[in-house]
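2 protein chains.
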Amino acid sequence: MNLKELSSILGLSQTTVSRALNGYPEVSEETRRRVKAAARDNNYRPNPRAMGLATGRTRTIGHVIPVSTQHEIVNPIFADFIAGAGEVYARNDYDMLLSVVADVDEERIYRQLASRGSVDGVIVHGPRENDPRVALLQEVGLPFVVHGRAGAGDGAYSWVDVNNRHAFERATNFLIDLGHDRIALINGVETMDFARRRREGFLKAMKGRGLHPDASLMRSEEMTEFYGYRVAREMLMAPAPPTAFLISSMITAIGVRRAVEDLGMKLGREVSVVIHDDELSYLRNGEDIPIFSATRSSVRSAGQLCADMLLDIIRQPGQPPRQRLLEAELTVGLSTAPAPKIETARRAERR
Amino acid sequence: MNLKELSSILGLSQTTVSRALNGYPEVSEETRRRVKAAARDNNYRPNPRAMGLATGRTRTIGHVIPVSTQHEIVNPIFADFIAGAGEVYARNDYDMLLSVVADVDEERIYRQLASRGSVDGVIVHGPRENDPRVALLQEVGLPFVVHGRAGAGDGAYSWVDVNNRHAFERATNFLIDLGHDRIALINGVETMDFARRRREGFLKAMKGRGLHPDASLMRSEEMTEFYGYRVAREMLMAPAPPTAFLISSMITAIGVRRAVEDLGMKLGREVSVVIHDDELSYLRNGEDIPIFSATRSSVRSAGQLCADMLLDIIRQPGQPPRQRLLEAELTVGLSTAPAPKIETARRAERR
DNA sequence: GTGAAAGCGCTAACAT
DNA sequence: ATGTTAGCGCTTTCAC
């Protein structure tokens with residue numbers, strides 16, 4: 002069922018039917034009612050490609066997932082983020098286009114998305130310091146929201162982030178409260194913004210409590226399981242082993258646990274594995290309340306929020322995104338720059 | 002830069018330029034060369050929506066990720082699968098459309114994808130027994146490949162699966178070899194095909210070795226961390242606790258480990274956590290070779306294979322997909338039914 | 001308030 | 001081997 006058929010059934014022109022369906026004000030109430038009813042009854046679905054061709058808009062958001070060329074990890078955290086964002090898209094009748102791409106190809110992909118007009122906007126994942134993608138996207142005029150912070154000036158772009166520094170500061174303080182003073186930080190690659198912030202939180206807490214962080218207990222690598230296993234083993238076998246671990250990834254934590262077991266040490270009291278907030282709550286609340294999913298749900302919220310903000314930006318070209326309430330442990334930054342406009346766009350006054 | 006502009010630069014008709022670019026045979030060698038050069042120099046990118054409108058094909062594959070309405074888990078395994086599939090799409094210049102959808106809405110989404118023509122085909126995730134989606138997709142004529150088996154007749158559709166039964170049989174046998182006879186099976190929901198197969202593998206090994214599986218040591222639920230924690234704790238505190246666990250999910254295994262720690266028991270020798278093949282190799286090979294990623298990479302291979310098969314099916318309407326070599330622990334089934342044809346399709350003879 | 005017609009960028013019959 | 005023309009299904013301008 003296409004517009005032509007539908008309009009001939011109704012004895013109206015395609016124009017009128019289109020206008021009625023799209024909420025243009027110049028259609029009579031009566032006609033609009035009839036048209037909407039007929040559309041529903043005939044199970045009419047506008048062809049998104051035809052719409053896209055005509056409007057320049059696609060109702061599609063791109064997510065570019067960079068896969069490192071050196072390691073084959075795909076951060077499982079993406080799954081939660083994507084799920085959150087996907088929910089929002091579904092609710093708003095947007096599609097999600099996922100590009101899994103070798104990190105070296107990222108620029109090409111972004112340019113391609115922009116020049117092909119495959120998407121109305123993109124979410125940027127895993128920002129690095131002074132991430133070139135920000136400038137790139139601004140250059141090609143593709144609206145975007147960054148998941149994490151890319152470390153350019155405030156207000157230069159919009160972002161949503163988990164409050165990494167604060168979470169790690171809290172976790173560190175908590176371990177110190179438990180009596181630990183040799184705390185190992187097993188972190189992700191610190192060119193990644195989130196890893197840098199986690200480190201800062203850790204150091205802030207240590208110094209705030211008069212403790213000297215031991216450089217040999219601070220590592221920064223791609224967060225694989227084996228990385229956790231290897232460095233934990235190394236540290237635990239050294240003359241002055243850590244009494245607690247602060248770990249940046251669930252996967253890496255598994256490796257650490259293995260190392261601890263391997264050495265015949267006891268997990269729990271002797272060595273606490275803390276993966277930011279979630280595990281922290283685990284320790285705090287005892288055995289009955291598993292809050293491990295807390296972080297996963299934060300990430301999911303982050304996905305929702307990112308998507309929501311991006312849709313906002315896209316739908317209100319020329320206006321900064323609106324402020325909003327935050328759930329979970331999230332922080333946001335709103336771009337003060339107006340969003341790029343799509344030339345062809347001429348928003349109808351929604352009724 | 003669009004076709005019109007490009008052709009006017011070249012002083013040729015749009016038709017000729019289109020034909021040259023798309024490899025139609027009736028273009029002169031010389032012209033083709035010129036056209037291709039000009040396209041490259043002018044950085045010409047065909048508009049995929051316009052192409053889609055004209056051909057009915059979209060060069061887009063849909064992945065529908067069902068999210069349970071009752072639990073908010075998103076299987077992290079999806080991330081690896083998606084990464085594998087995404088790679089193949091990128092290589093073949095296809096797009097991936099991801100729909101995260103409440104399981105109750107799944108049928109609607111599939112129908113929508115079909116009727117809107119948003120995608121050329123779909124990958125079906127998480128099949129259940131006699132999954133209605135198979136019939137649905139056949140009804141609406143959308144080409145598909147199932148990740149896992151949906152338990153209809155052989156040859157009715159194409160699928161790719163990890164060899165679940167075999168993996169669990171091996172793991173169970175291995176535990177028995179180690180001297181265990183009270184082995185707990187902490188499985189996923191057994192209406193899911195993969196969970197049923199894993200159970201079968203477990204039972205086969207147990208019976209094959211003359212052991213009686215204890216019903217109180219076999220559980221089947223949505224694979225969350227807390228589920229692992231809860232049932233492991235229960236089992237370990239019962240009069241006759243298990244001496245080993247066979248667990249269907251990495252996440253659930255984390256819960257089990259916690260339970261073990263909580264009870265002050267020692268992991269490793271006393272209780273072995275086995276998550277199909279990967280952990281099995283871990284145990285077998287000792288501490289230096291972490292093969293934990295084995296399963297993750299199987300899943301990734303499965304993603305690649307699914308995508309590859311689907312593209313095959315789409316590109317050769319009317320022909321069964323070709324046989325292929327398998328890597329990793331995968332099994333495939335090939336549909337004997339011809340793939341549905343897209344009416345508008347008229348494949349050019351690729352030169 | 002409604003309709004006719006042009007056009008979005010491309011492909012594919014049908015000429016030549 | 002190349003061009004002409006008619007769509008694909010929708011939006012939007014312009015006229016009534």
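Chains as they are written, first to last, in my numbering: chain W, 2 to 352; chain C, 2 to 352.
Glycine included, C-beta positions come from ideal geometry on N, C-alpha and C.
Beta-bridge partners of residue i, as assigned by DSSP
i, result
"H213 (chain W)", "DSSP, once it has assigned bridges, lists no residue as partnering H213 (chain W)."
"N188 (chain W)", "W:S221"
"H148 (chain W)", "W:V161"
"G122 (chain W)", "W:I62"
"R129 (chain C)", "C:M193"
Inter-residue CB distance, residue i and residue j (contact presumed, cutoff 8 angstroms)
i, j, result
"G122 (chain C)", "F145 (chain C)", "6 angstroms"
"R316 (chain W)", "G85 (chain W)", "The Cβ separation is near 19 angstroms, so there is no contact."
"I62 (chain C)", "L311 (chain C)", "6 angstroms"
"S299 (chain W)", "V163 (chain W)", "5 angstroms"
"A51 (chain W)", "L114 (chain C)", "That pair is no contact at about 16 angstroms."
"C152 (chain W)", "G127 (chain W)", "For the sequence presented, residue 152 (chain W) should be read as Gly rather than Cys. With 8 angstroms as the limit, G152 (chain W) and G127 (chain W) do not qualify as a contact, their Cβ atoms being about 13 angstroms apart."
"P67 (chain C)", "V102 (chain C)", "6 angstroms"
"A39 (chain C)", "I10 (chain C)", "6 angstroms"
"A260 (chain C)", "R234 (chain C)", "4 angstroms"
"G256 (chain W)", "E226 (chain W)", "4 angstroms"
Element boundaries [beta strand (DSSP E), containing residue i]
i, result
"P67 (chain C)", "T61 to V68"
"S159 (chain W)", "S159 to V163"
"L247 (chain W)", "A245 to I248"
Of the residues the options, the one placed nearest residue i, counting alpha carbons only
i, options, result
"I83 (chain C)", "C:L311, C:D313 and C:A303", "C:A303"
"F203 (chain C)", "C:R234, C:F227 and C:A245", "C:A245"
"V65 (chain W)", "W:D313, W:T56, W:Q139 and W:L98", "W:L98"
"G180 (chain W)", "W:M207, W:L312, W:N3 and W:E30", "W:M207"
"L218 (chain W)", "W:L186, W:R134, W:A136 and W:H167", "W:L186"
"I248 (chain W)", "W:N3, W:M238, W:D81 and W:A168", "W:A168"
"I184 (chain W)", "W:R200, W:F195, W:I314 and W:E191", "W:R200"
"E130 (chain W)", "W:Q139, W:E140, W:R41 and W:V147", "W:V147"
"V36 (chain C)", "C:R58, C:I252, C:L54 and C:S8", "C:S8"
"R41 (chain C)", "C:E27, C:L54, C:M52 and C:M2", "C:M2"
"D263 (chain W)", "W:L4, W:T253 and W:M238", "W:M238"
"S100 (chain C)", "W:A103, W:D104 and W:D94", "W:D94"
"D106 (chain W)", "W:D96, W:R134 and W:N174", "W:R134"
"A196 (chain W)", "W:G142, W:M224, W:A157 and W:R210", "W:M224"
"E170 (chain C)", "C:R198, C:E140, C:D194 and C:Y158", "C:R198"
"L143 (chain C)", "C:G57, C:F175, C:L13 and C:G211", "C:G57"
"A379 (chain C)", "C:G24, C:A241, C:A157 and C:E6", "With chain C represented from 2 up to 352, any question about residue 379 (chain C) goes unanswered, as that position is not in the structure."
"R166 (chain W)", "W:Y158, W:E191 and W:D178", "W:E191"
"E108 (chain W)", "W:Q139, W:L13, W:D178 and W:T59", "W:Q139"
"N48 (chain C)", "C:K5, C:D81 and C:T17", "C:K5"
"A254 (chain C)", "C:L137, C:R112 and C:G189", "C:G189"
"R210 (chain C)", "C:Y230, C:F175, C:S221 and C:R60", "C:F175"
"G87 (chain C)", "C:A308, C:N44 and C:I314", "C:A308"
"R46 (chain W)", "W:E30, W:V18 and W:T32", "W:V18"
"H213 (chain W)", "W:L137, W:T173, W:T16 and W:G229", "W:T173"
"D182 (chain C)", "C:S14, C:G12 and C:P243", "C:P243"
"R60 (chain C)", "C:R34, C:Y90 and C:V232", "C:Y90"
Run of the alpha helix (DSSP H) containing residue i, from where it starts to where it stops
i, result
"V18 (chain C)", "Q15 to L22"
"V36 (chain W)", "E30 to D42"
"E6 (chain W)", "L4 to L11"
"R50 (chain C)", "P49 to T56"
"G229 (chain W)", "E226 to M238"
beta-carbon residue i near the ligand ADP non-hydrogen atom, thresh 7 angstroms
i, result
"A206 (chain W)", "Among the ligands in the structure shown, none appear at all, so the ligand ADP cannot be discussed."
Taking only runs of the beta strand (DSSP E) that begin and end inside the segment 90 to 116 of chain C, which ones reach a length of at least 3 residues, in chain order? 96 to 103
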